[in-house]
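*Asks:* Residue numbers (UniProt numbering): 1 to 63. The following block contains the structure, expressed as structure tokens.
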């Protein structure tokens, strides 16, 4: 699964808006949209923050 799709699906499954996810992860809302659209890819530190905010653990290694 593509990272962008994984992030969006996990966010929606948790019932979070992009704004809420950005606040939880300490990021800018526009970055969430860019990551979910595939426009850009988060660096490893940002990805870890997103995964923690979304409680994504086991799927990391299948990317």
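In this text, a Cβ means the ideal position worked out from N, Cα and C, and glycines have one as well. Bear in mind that the values here come from a model prediction, so they are computed numbers and not experimental data.
Can you give, in chain order, each stretch of the alpha helix (DSSP H) that sits fully within the UniProt domain "HTH cro/C1-type" (7-61) and has at least 4 residues?
*Replies:* Correct list: 18-25, 29-37, 44-54.
*Asks:* Under 8 Å by Cβ, that's how I've got residue 27 and residue 46 pegged, so tell me the actual separation to the nearest angstrom.
*Replies:* Their Cβ separation, rounded to whole angstroms, is 7 Å, which keeps residue 27 and residue 46 in contact under 8 Å.
*Asks:* With distances taken from CA atoms, which of 18, 34, 37, 39 is nearest residue 53?
*Replies:* Comparing Cα positions, the closest option is 18.
*Asks:* Please state whether the Cβ-Cβ distance between residue 7 and residue 36 is less than 9 Å.
*Replies:* Going by C-beta atoms, residue 7 is nearer than 9 Å to residue 36.
*Asks:* Does residue 57 pass the burial test, meaning 16 or more other C-beta atoms within 10 Å, or should it be called exposed?
*Replies:* Classification of residue 57: exposed, given that the 10 Å Cβ count is below 16.
*Asks:* If you compare alpha carbons, which of 21, 44, 33, 22 is closest to residue 4?
*Replies:* The option with the nearest alpha carbon to residue 4 is 33.
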